[in-house]
Structures are given as C-alpha cells and as structure tokens.
Amino acid sequence: MDDKIIELIGVSRQYDTTLAVDNIDLYVKKGEFVTFLGPSGCGKTTTLRMIAGFEMPTSGQILLNGKDITKIPPYERPINTVFQRYALFPHMNVFDNIAYGLKLKKVTAVYENEQGERIERKEKLSKAEISEKVKRVLKLVDLEEFEKRDVTTLSGGQQQRVAIARAIVNEPEILLLDEPLGALDLKMRKDMQLELKDMHKKLGITFIYVTHDQEEALTMSDTIVVMKDGTIQQIGTPMDIYNEPKNAFVADFIGESNIFSGTIVGDRKVKFINHVFDCVDDFPLHEKVDVVVRPEDVVLKDAGEGQVDGVITSSIFKGVHFEMAFTVGKTEIIIQDTVERKVGEKASVFIDPESIHIMNKEFVSNKYDGYITKKNTVCFADGEFECDVTKLYPNSRLDEEGYLILENGEKKDLTDVDVEVEVGLKDIEIIDNDEDGDACGSIVSIIYKGDHYQIIIRTDKEEEDFVVDTEYAWNENDRVSVKIPPEKIGLKLKQAEVRK
Amino acid sequence: MKLRFSRKHLCVPYAVFLALFVIAPIIIMLYYAFTDRNGAFTFMNFGKIFSDVSTISAILTSLSVAILTTALCLLIGYPVAYILARSGLKNSATLLLLFITPMWINFVLRLNALKEFFSLINLLDKSPYVNTVIGMVYDFLPFMILPLYTTLIKMDNSLVEASQDLGANKVTTFIHVILPLSMPGILSGITMVFMPTMTNYVISDILGRSQITILGKLIENHFMQSNWNMGAAISMFLLAAMFLFTWFTGGFKDDGENKARGSGLW
Numbered sequence: 001m002d003d004k005i006i007e008l009i010g011v012s013r014q015y016d017t018t019l020a021v022d023n024i025d026l027y028v029k030k031g032e033f034v035t036f037l038g039p040s041g042c043g044k045t046t047t048l049r050m051i052a053g054f055e056m057p058t059s060g061q062i063l064l065n066g067k068d069i070t071k072i073p074p075y076e077r078p079i080n081t082v083f084q085r086y087a088l089f090p091h092m093n094v095f096d097n098i099a100y101g102l103k104l105k106k107v108t109a110v111y112e113n114e115q116g117e118r119i120e121r122k123e124k125l126s127k128a129e130i131s132e133k134v135k136r137v138l139k140l141v142d143l144e145e146f147e148k149r150d151v152t153t154l155s156g157g158q159q160q161r162v163a164i165a166r167a168i169v170n171e172p173e174i175l176l177l178d179e180p181l182g183a184l185d186l187k188m189r190k191d192m193q194l195e196l197k198d199m200h201k202k203l204g205i206t207f208i209y210v211t212h213d214q215e216e217a218l219t220m221s222d223t224i225v226v227m228k229d230g231t232i233q234q235i236g237t238p239m240d241i242y243n244e245p246k247n248a249f250v251a252d253f254i255g256e257s258n259i260f261s262g263t264i265v266g267d268r269k270v271k272f273i274n275h276v277f278d279c280v281d282d283f284p285l286h287e288k289v290d291v292v293v294r295p296e297d298v299v300l301k302d303a304g305e306g307q308v309d310g311v312i313t314s315s316i317f318k319g320v321h322f323e324m325a326f327t328v329g330k331t332e333i334i335i336q337d338t339v340e341r342k343v344g345e346k347a348s349v350f351i352d353p354e355s356i357h358i359m360n361k362e363f364v365s366n367k368y369d370g371y372i373t374k375k376n377t378v379c380f381a382d383g384e385f386e387c388d389v390t391k392l393y394p395n396s397r398l399d400e401e402g403y404l405i406l407e408n409g410e411k412k413d414l415t416d417v418d419v420e421v422e423v424g425l426k427d428i429e430i431i432d433n434d435e436d437g438d439a440c441g442s443i444v445s446i447i448y449k450g451d452h453y454q455i456i457i458r459t460d461k462e463e464e465d466f467v468v469d470t471e472y473a474w475n476e477n478d479r480v481s482v483k484i485p486p487e488k489i490g491l492k493l494k495q496a497e498v499r500k
Numbered sequence: 001m002k003l004r005f006s007r008k009h010l011c012v013p014y015a016v017f018l019a020l021f022v023i024a025p026i027i028i029m030l031y032y033a034f035t036d037r038n039g040a041f042t043f044m045n046f047g048k049i050f051s052d053v054s055t056i057s058a059i060l061t062s063l064s065v066a067i068l069t070t071a072l073c074l075l076i077g078y079p080v081a082y083i084l085a086r087s088g089l090k091n092s093a094t095l096l097l098l099f100i101t102p103m104w105i106n107f108v109l110r111l112n113a114l115k116e117f118f119s120l121i122n123l124l125d126k127s128p129y130v131n132t133v134i135g136m137v138y139d140f141l142p143f144m145i146l147p148l149y150t151t152l153i154k155m156d157n158s159l160v161e162a163s164q165d166l167g168a169n170k171v172t173t174f175i176h177v178i179l180p181l182s183m184p185g186i187l188s189g190i191t192m193v194f195m196p197t198m199t200n201y202v203i204s205d206i207l208g209r210s211q212i213t214i215l216g217k218l219i220e221n222h223f224m225q226s227n228w229n230m231g232a233a234i235s236m237f238l239l240a241a242m243f244l245f246t247w248f249t250g251g252f253k254d255d256g257e258n259k260a261r262g263s264g265l266w
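Each protein sequence line maps, in turn, to chains A and B.
Under my numbering, the first residue of the first sequence carries the number 1, and numbering increases by one thereafter.
Under my numbering, the first residue of the second sequence carries the number 1, and numbering increases by one thereafter.
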C-alpha cells in the first residue's frame, strides 16, 4: 500500500560552503499532520522551501505521489504555503487576496457537442464560483464580514487567518506552514493551534508544519521530525519522541530533561549519580550511555526512603507544580512536583525503571575532575600524570622554582587547584603491566568498531573509566596501566577558579 | 525683559530665507502677471497664453518632450532598477553607483561633452528635437532609477514567492504583484523626471542649438525682451500646471505606506 504523498530521497541543499540540509530521506503519508521541529538553523525551513519549490535541492529527489517534481517550479505544484509573516498582498483587499489563486486556476470542463462527442476544455473559474469558494473559506476561518477590508488594517491574528484561507481555498494536496504562529501572542497562539488541528481534520489535506516550539509540535502533530544541523535526528509520534527519545539532543529539545552520563553495570542495571538503578533497556555490559529522566518522573521522598539521598537546593513555583533542584554530590537533578519541599531540606529520590531512558553515547573524549599537585603534575582517575600547566593560562610560563608566571607578571601557586581534564580516546597508551604507567586498572570491556577496538579500563579505587581507541586487541580482565603524553592532557580551570 | 532661547528660534533663519527668496519673488511675479506695461490690473497676459500661436506651440513642444523623455526613462530605468534590486547580483550597490555618479559631474560640462560626441558622429544637425530628448533622457535617467530601485529593493520577496505559490508564473507575478507594488516608485520617478524636463531649456539650447523653443526658453525670451508681464504670466501658468500634476500623481499624499515603500525618500 503506497500512500506516501511526498517523498524526499537523499536531498541536500548547500549554500556556498554551508550544508543547510544534509542528505535527508523522508516521506509523508497522505492526510498526515507532520511537523519539522528543530532549533533555528537546523534546516527545517530549507526543507519546507524545497518542497514548495522555492529552493532547488543541490542533490537528491523530491517525489509527489511517486512523480519526480524536483525541477518543477512552485506555480505548477499542487502545494500551497502559509508564510511566516503571512505575505499578504498589501495592494489587495481580503477578497482579492484569497481569490488570487482561484483566478489563475484552470479546471477541466467536459462538454458534449451535437454529435454526442465529449470535448474537454481548460476553463477559468467563473466569478460566481470564485465568490462562492471565497465565502466558504472565509466562513471556515471566521472572517465572514471582512471581504472588503484592506488587509493592512487587520490585526495579526486576522491576517494569519486570511493567509490560511488564501492557501486552503485552492484545495492543495499539501499545505505547508512555515512557523505561522510565531508572530502571535501566547493566548492567540494556543487558540490557533487548536483551530489548525481542527481544520486539518475537517479538510483532510496533508499538513507539513515547521516550528521551533516543541510544545506546539507535541500538541498538533501526528508525526514529528526532529532536525539538527541539517540532519534528521528522529521521526516518530509525539508520544514516541517524548517517551523514547533516540538521543540526548532529542531528549533535551523535547521537554525538560535531566541528562546524566551513565554506565551499564549489569543486566538491565545502569549506574549514574553514583547509584545503580534498575532499568528496562537492554544494553551491553560496561557500555557508556546517556541516561535521560524527565523532571516529572522523579519522585521525591523523605530522606532515607528513596534510592539516593540529597538536598533540595532551589525551588520555583511554576503555576501547577514546583520546579525543584535536588543535589547529589556534584550533580543536580531537576524535579517537578506539586508538593513543595523547602530549600536546604534533606530528601531522597526514587526513579521508576520505566522512567529511565537510556541511549547510546557517542564518545569524543574522556573527561575527569582533577587537581594540580605541588610538583605541577595533575591527579585524576586514581593516577598522577605529568602535564603542561601553562595551558591553564594563556601566554604564561614557569619560573625555576615551579611557580607559574602569568602574562601580566603575576606569580601563581597552582597547588591544589581544581581542574577539568580532557583526554582524547586515541591519546591514551595501554601498557601491559601494573607499574610502568601512571594509573592502573583492569579492562572491563572491548568493543570492535570496524577498524579499531574501543577498550574501557576501570581504575581500582575510584572506579573511573579510561575509554581508549586502539588497533591492538586486549583481553577482558587484563591488568594494565595507562600512560598519557603530557602534551595530550587538556587542562581547564574549574569555573569557580576562573571567577576568583 | 529676559531673552529666552528656545528650539523654535532655530527656524528663524530659514523663515527669513523663505520670505525673502521664495515668497517675495512669487508675490512680485504675481504682480507682474496680473498687470500690463503701465501697471494696470489685467487678465490679458493669461489670455495671450492661449491665443498666441508661438506660446501654444512652445507648450505643446515642452509637453511632448517631457512625456517622451519620461516614458523613455521609465522604459530604460525600470529594467535596470529591477535587475539591480532583484537579481541577487553581488555588487548591485556598486553597479547602482555607476548609474548615479554622472549626477555628480557638472551638468553643463556633461552636456557639452555630449554635444561634442553628437557632432563627432554627425548627429548634431540632424534633428534638434531628437537631440533634446536624448540629452534629457541622459540627464534625468538616474532620477528615475533611484526611486524605482529603492521601492523594488524594499519589496518583500515572500510576496513574490506567495504569488508563485498560488499558481502565478513569472509574468503573471510581475503584472499582478511586482508592478502594482512598485507604483509608488514609478510615480515618484515620473514626478522627478517630468517636472524638470518641462522647464529645462539649457539642454535644448546646447543640444538643439536653440532651434526648438520650449516653455523655459519662451519665458527667458520674454524677460530678455523686457516683456516681464508676459514672462511672469507664463511662469505662473507653469507653476499652476506643476502643482496640478503633483496633486494628480499623489505627490502630496502623505500616507505612511507610501513612505514605507521608499518613495518618501523623494
């Protein structure tokens, strides 16, 4: 059953050097309400404009009902658009604006001549037909008395309705809406959302809607396409996207989320915020993952009664609920609850396994919290490493006694300064015995990644992990130590330190 | 009494200037226009405008030169302004400058250069009328391009897209959307070109070698022959005609919309 009304195959759009849309594949079913959702610059509007025909794809194909329309100009496509700032013709009144498309339209009329032969002729619509259609659509958008009004005298909301009427009066196969509610105030926007949804049901036209407002997308759509940097992140129903986000970006963009770094420590067990939680997603052991928990899914209990204890550090009233920050060690969890707990109060959280959403983490580097020693080395992950402390301040140098001289001549003692340490996956060297490296531990995971192995080494005391990309195969549970060249250790001052 | 200076007093120099050099001359002209050589009140001067053959022929020549020049400027200027404003050329601002810089060169100098060029290609003695029109178009074209360009560059491109989206091809879009929306620019361009071409006689003097008489020339002749009354009457007639023309083209219409579309610049 082929009910795809429009299909994009490998579509890209390049402007000079930037790739606005990067090789996307997508189809929309007949009668669907589809929303392209993403932050500004994610390529959603460009995609819409390519469907409308205002932009040509640099490569790829656009099919309408299975036919290639990639090179067909906008005026020959059975697609109409509601523009972001309405784009009503200021030199025409409401009636003429709406009738614009109808006056240009040619329909096939069938006649029978005296010999009984059927004759087909392309004809323009009659004045009476046009007038009737315009009146009908004006009624639909609730603007019956406005026919003769000058469009420039209308309010934003009314102009919006005229713009919608002007598009749907042509009975397009697809209606494109480019952030049509962006210029309206909140109350009006909410009303229009419901009206549009209603209109979609009544008309049975396919709607493709572009917005950066996740709430709007969740309210109105049958299907949401989440985009970022010209690529599609996830396609799904609002429920799917909200409850089962595919990656941390989607989770963060759709609704509020707590996102933690976690590790799988057993069969359906994940460790984050220093506690092992049961979960429902099945991931390989020792896999590093992103854990997403919605603020409304975290249950606050009295201290000692939940899974993890901590302190309430802030509380804001948000109308229906309180939004509270709950701090465990250095990690903050945002919680929404209707019952307020006072700032400073000790409490405990409970998270249901069903509410813990786990997704693959793409590794780019290892990150640790560390501190500088007297000898200008850095301690992190159960080890002490030689490093280049002059990286902490631009244009600084070391004097003979080991003090750091800043650019402005100030002398600085770095002992015990807290730093953020970053080490690339390829910059860690694995050594076969315990003693020769700077930190030691055992290999807990080996994953073959096509052309290299990704190995995770866990240290003994603090259970910190080194994730290493290497060409050489090792065995699980091998005792090893690691060495990192000093110049490859990235150092950054902790934020608080910079402010001093 | 204390002397207090307020912002209003800043207008005083201009008010004095206006009274001395604009209002007073008009009053003097009015006086001459409605009197005869002996200083007696009369309408005769205006009567003569419509009965004297040479005056009527000068009016008709002026009108035909002005209309032809304006039409040619519009025909040449619109495509230029359209391409500069809407084709997405990277250096359109520089190109526009190329069209406008001739305005910065002394007007008489330019005309004499053009005259030399005409005599070089043996065109100077062919037709004083054609020479005058060419000179006028050459001189006033930038005044047509600039208001058109400002109107077109400010036009919201989504209106053009909306038109195409609704099924109009490029030609239909131009006729139904771009042209009507550039009307303010067209009108101010016409005003900017038509008015000076009606009165300018330096161009016809230099390029037409004084062989055609247009209104401005006629007025000069009357004053040169000490017929101040007739000269003043024709001047007043011209002033009234200009006033009417401006009124018809909506030059006095002060609505915000016109301003927003760039014609307010002029």
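For glycine and all other residues, C-beta sits at the position ideal for the given N, C-alpha and C.
Measure from the alpha carbon of residue i to the alpha carbon of each residue in the options, then state which is nearest.
i, options, result
"A:Asp-382", "A:Gln-61, A:Arg-458 and A:Ile-351", "A:Arg-458"
"A:Glu-384", "A:Val-339, A:Leu-398 and A:Ala-439", "A:Ala-439"
"A:Glu-401", "A:Lys-375, A:Glu-171 and A:Glu-332", "A:Lys-375"
"A:Thr-18", "A:Gly-230, A:Ile-428 and A:Val-339", "A:Gly-230"
"B:Val-65", "B:Ile-134, B:Thr-249 and B:Ala-241", "B:Ile-134"
"B:Tyr-103", "B:Tyr-32, B:Ile-145 and B:Pro-13", "One detail in the question is off: residue 103 of chain B reads as Met in this sequence, not Tyr. Of the candidates B:Tyr-32, B:Ile-145 and B:Pro-13, the one whose C-alpha sits nearest the C-alpha of B:Met-103 is B:Ile-145."
"A:Gln-158", "A:Asn-477, A:Tyr-393, A:Met-192 and A:Ile-316", "A:Met-192"
"A:His-156", "A:Asp-185, A:Ile-174 and A:Leu-140", "Note that residue 156 of chain A is Gly in the sequence shown, not His. Looking at the Cα atoms, A:Asp-185 is the closest of the given residues."
"B:Met-136", "B:Tyr-149, B:Met-192, B:Ala-24 and B:Leu-159", "B:Met-192"
"A:Arg-13", "A:Ser-40, A:Lys-29, A:Glu-7 and A:Lys-44", "A:Lys-44"
When burial is assigned at 16 or more other CB atoms within 10 Å of the CB, is residue i buried or exposed?
i, result
"A:Cys-279", "buried"
"A:Thr-46", "buried"
"B:Ile-214", "buried"
"A:Tyr-209", "buried"
"A:Glu-112", "exposed"
"A:Ile-72", "exposed"
"B:Ile-121", "exposed"
"A:Glu-329", "According to the sequence shown, residue 329 of chain A is Gly rather than Glu. When all chains shown are included, A:Gly-329 counts as exposed."
"B:Ser-263", "Low confidence applies here, because B:Ser-263 scores a pLDDT of 39, under 50, leaving its location unreliable; read the following figure in that light. B:Ser-263 comes out buried."
"B:Ile-132", "First, the residue type needs correcting, since residue 132 of chain B is Thr and not Ile in the sequence shown. Label assigned to B:Thr-132: buried."
"B:Lys-259", "Low local confidence applies: a pLDDT of 41 at B:Lys-259 is under 50, so the model's placement there is unreliable, and no value is given."
"A:Met-1", "Bear in mind that the predicted position of A:Met-1 carries a pLDDT of just 44, short of 50, making it unreliable; the figure below should be weighed with that in mind. Per the 10 Å Cβ criterion, exposed."
What residues from chain A crowd round residue i, counting only those whose CB sits closer than 8 Å?
i, result
"B:Asn-169", "Pro-73 and Tyr-75"
Where does residue i fall in DSSP's three states?
i, result
"A:Lys-426", "helix"
"A:Lys-492", "strand"
"A:Ile-264", "strand"
"A:Met-199", "helix"
"B:Gln-225", "coil"
"B:Ser-64", "helix"
"A:Ile-224", "strand"
"B:Phe-41", "strand"
"B:Cys-73", "helix"
Could you work out which residues of chain B lie near residue i, taking near to mean beta carbons separated by less than 8 Å?
i, result
"A:Asn-80", "Asp-165 and Leu-166"
What does residue i touch in chain A if you count any residue whose Cβ is under 9 Å from its own?
i, result
"B:Thr-172", "Tyr-75 and Leu-104"
At a CB-CB cut-off below 7 Å, which residues of chain A make contact with residue i?
i, result
"B:Leu-159", "Ala-87 and Phe-89"
"B:Val-177", "Phe-89"
"B:Leu-187", "Neighbours of B:Leu-187 on chain A: none; closest Cβ ~13 Å, over 7 Å."
For a contact defined as C-beta to C-beta under 7 Å, what are the partners of residue i on chain B?
i, result
"A:Gly-101", "Leu-166 and Gly-167"
"A:Asn-113", "Under the 7 Å cutoff, chain B gives no residues; its nearest Cβ is about 29 Å from A:Asn-113."
"A:Phe-83", "Ser-158 and Ala-162"
Residue i touches chain B at which residues, Cβ-Cβ below 9 Å?
i, result
"A:Phe-54", "Glu-161, Gln-164 and Asp-165"
Is the closest heavy atom of the ligand GDP to the C-beta of residue i under 7 Å?
i, result
"A:Gly-66", "Judged by which ligands are present, the structure shown has none, so any question about the ligand GDP falls away."
Practice item. May I ask you to verify whether the region 92-103 of chain A touches the region 153-167 of chain A, counting CB pairs closer than 8 Å and requiring at least 3? Key: yes
Review point. Can you find at least 3 beta carbon pairs, one from the region 232-244 of chain A and one from the region 49-62 of chain A, that sit closer than 8 Å?
Key: no
Practice item. Check whether the region 24-35 of chain A touches the region 217-225 of chain A, taking contact to mean three or more Cβ pairs, one atom from each stretch, closer than 8 Å. Key: yes
Check your understanding: Three or more beta-carbon pairs under 8 Å between the region 412-432 of chain A and the region 356-370 of chain A, yes or no?
Key -> yes
Review point. So does the region 107-118 of chain A actually touch the region 197-216 of chain A, counting three or more Cβ pairs closer than 8 Å?
Key: no
Review point. Touch check for the region 35-55 of chain B and the region 109-121 of chain B: three-plus C-beta pairs under 8 Å?
Key: no
**Study point:** Inter-stretch contact at 8 Å, needing at least 3 Cβ pairs: the region 48-65 of chain B / the region 200-213 of chain B
**Key:** yes
Review point. Is the number of C-beta pairs between the region 123-130 of chain A and the region 184-204 of chain B that are closer than 8 Å three or more?
Key: no
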